[in-house]
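Shown next, in structure tokens, is the structure this report addresses.
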Amino acid sequence: MAGKDKIARKFRGVEGGLFTKVTKADVGDSFASMAGQVVLMGWADPFYPDPSVPETVKEALIEAAQCGIASHYTMPIGSVELREEIAKKCKAYNHLDVDPRRNIIITPGSDSGLFYAMTVFLDPGDEVLVPDPSYPSNFLNPTLMGGVTVPVPLDAANGYQFDMDAFERCVTDKTKMVLITHPNNPTTTVFRRESLEALAEFVIRHDLILVVDQAFEDMIFDDVEFVSPASLPGMWERTVTVCSISKGMGLSGLRVGYIVACDTFMDVYYGGAVNVLGATNTASQLAAIAAFRDTSFMAGYKAHYDRRRRDACRILGSVPGVKMDMPQSGFFCWIDVSELGDSTEIMDYLIRQAGVAVNDGKNYGSQGNGCLRIINGCLGSDDESEQVLQRIAQALRAYQEQD
């Protein structure tokens, strides 16, 4: 009988990924069985497990089923109507003037879009510079393509902004790409214009490609400026931008993402789409069109996330030994528990004592050691979210009082 020895070496360490330490059961099916016992504040699914589908999106899904179009493919690169709506958003929000027929491709979620975006560039041995801490997939994906991931440390004392001296120390003649998540996941950092301009100068000078995951671009707080790297001088021809409707729009279950890039790159993406992507779910694309045409519901979501980040700072920040800054984006918080003990042990303790699953910072790179990522955007009720945060705080205090 074939065993693990038949699995490609680059995949042998892939067993559950981010969720391995939460449960040893099958990733995916386990969430439903855990939901009655453990609050999943490590699962970046807005308002999970409660429903959060706007009426216009519901209507679009129902209409897609009733008229029968949902049973058929769109073009492999996605619906023209959806790409037109995305182009409008790109111009208004990202300051990118893109051709919906030349510069956008729809993908089944941004995770697969990010993987596809990188695949066309990486040959075996190519190096990818990844800020540390970053989302776990950013470290894993290059290796699955035969590349080499090179972590570039970000310093909490510097607000997790780019340290260009660190980038210079890490670049070699094998470096082909820089991969960033902006705003950053897990730190919530919104990279400042001057940081992005410095990175752009570095990318151009070293003749590199920049791939940027902007999944959380819709939820920026306190009037912080959001700059899309592709909009900076000289960067359109070097940047591949990957976006999603999962986070800001709260439509994670529809699995719709998209890639925005220049004609040269998009020629390759279009050519491979029929073999690699097939086509994104038709009903989901129609629902996404409805969401882009009426985004009024997003203001309410942002208000919920704003309250919850303030609750998190007030409640968790009051625990002796816990350090955290006010989240700048998204619906999660990044807390430093290194003064309390080992982050893995604390994560396990929270599951056992508080009935809450959070993410160990070690999953986000070596710079995440001693930290936890806590999703305060799950659950449909702000009050329920606050109560769970109180449980976490109580458990953290109890952890310190152990003999």
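All the letters of the sequence shown, read from the start, carry residue numbers 1 to 403 under full-length UniProt numbering.
Here a beta-carbon is modelled for each residue, glycine too, at the ideal position from N, C-alpha and C.
>> Using only the alpha-carbon positions, how far apart do N184 and S134 sit?
In response: 7 Å
> Any idea if V80 is buried or exposed, counting beta-carbon neighbours within 10 angstroms, 16 or more meaning buried?
Replying inline: exposed
>> According to DSSP, is K176 part of a helix, a strand, or is it coil?
In response: strand
> Exposed or buried, which one is T280 when buried takes at least 16 other CB atoms within 10 Å?
Replying inline: buried
> T374 lies in the beta strand (DSSP E); which residues open and close that run?
Replying inline: It is worth fixing the name first, because residue 374 is Ile in this sequence and not Thr. Element bounds for I374: 371-375.
> Roughly how far, in whole angstroms, is the beta-carbon of L340 from the beta-carbon of I392, given that I think they are within contact range, below 8 Å?
Replying inline: 12 Å between Cβ atoms; not a contact.
> Should Y93 go down as buried or exposed, given a rule of 16 or more other Cβ atoms within 10 Å for buried?
Replying inline: exposed
> In chain order, what residues of the same chain lie with their CB nearer than 8 Å to the CB of I7, ignoring the 5 residues before and after it?
Replying inline: none
>> Run through the DSSP bridge pairs and tell me what A287 is partnered with.
In response: The partner list for A287 (beta bridge, DSSP) is empty, contrary to what the question assumes.
>> Can you give me the C-alpha to C-alpha distance between C90 and D383, rounded to a whole angstrom?
In response: 35 Å
> Around the C-beta of E345, are 16 or more other C-beta atoms found within 10 angstroms, so that it is buried, or is it exposed?
Replying inline: exposed
> Which parts of the region 59-120 are runs of the beta strand (DSSP E), unbroken and 3 residues or longer, counting only runs that do not cross its ends?
Replying inline: 104-107
> E237: buried (16+ other C-beta within 10 angstroms of its C-beta) or exposed?
Replying inline: exposed
> Which residues in the same chain as K362 place their Cβ atom closer than 7 Å to its Cβ, once the five residues preceding and following it in sequence are excluded?
Replying inline: S343, T344, G368, N369
>> Buried or exposed for N103, going by 16 or more other Cβ atoms inside 10 Å?
In response: buried
> To which residues does DSSP link F332 through a beta bridge?
Replying inline: I375
> Which class does L40 belong to by DSSP, given the choice of helix, strand or coil?
Replying inline: strand
> What residue does the alpha helix (DSSP H) around T143 start on, and which one ends it?
Replying inline: 136-144
> Just to confirm, are R83 and P100 a CB contact at a threshold of 9 Å?
Replying inline: yes
> Who are the near neighbours of G125 in its chain, counting only those whose CB is closer than 8 Å to its CB and skipping five residues on each side?
Replying inline: G146, G147, V148, K174
> Residue range of the alpha helix (DSSP H) that I204 falls in?
Replying inline: 193-205
>> On the criterion of 16 or more Cβ atoms from any shown chain inside 10 Å, does N275 qualify as buried, or is it exposed?
In response: exposed
> Exposed or buried, what is V256 when buried is set at 16 or more other beta-carbons lying within 10 Å of its beta-carbon?
Replying inline: buried
>> Let's see if you can read the secondary structure: which residues bound the alpha helix (DSSP H) around residue 421?
In response: No answer is possible for residue 421: it lies beyond the span of the chain, which begins at 1 and ends at 403.
> Roughly how many whole angstroms lie between the Cα atoms of V53 and A303?
Replying inline: 16 Å
> Mind pulling the alpha helix (DSSP H) runs of 4 or more residues that sit fully within the region 260-284?
Replying inline: 263-276
>> Excluding the 5 residues flanking S112 on each side, which residues of the same chain have their C-beta closer than 8 Å to its C-beta?
In response: G257, L277
> What span of residues does the alpha helix (DSSP H) with E168 cover, start to end?
Replying inline: 164-170
> Going by C-alpha distance, which of V240, P229, K58 is nearest Y269?
Replying inline: V240
> What do you get for E225, buried or exposed, if any count of 16 or more other CB atoms within 10 angstroms of its CB means buried?
Replying inline: exposed
> Mapping DSSP to helix, strand and coil, what is P229?
Replying inline: helix
>> Classify residue 406: buried if its beta carbon has 16 or more other beta carbons within 10 angstroms, exposed otherwise.
In response: The displayed coordinates of the chain run from 1 to 403. Any statement about residue 406 would go beyond what the structure contains.
>> Per the DSSP calculation, V211 is bridged to which residue(s)?
In response: L179, V240
>> Am I right that V388 and V39 are in contact with their C-beta atoms under 8 Å? What's the rounded C-beta distance?
In response: 5 Å
> Taking the C-alpha atoms as reference points, what is the distance between T23 and H206?
Replying inline: Low local confidence applies: a pLDDT of 43 at T23 is under 50, so the model's placement there is unreliable, with the coordinate-based value given in what follows. Cα to Cα, the separation comes out at about 42 Å.
> Buried or exposed: F167, going by 16 or more other Cβ atoms within 10 Å of its Cβ?
Replying inline: buried
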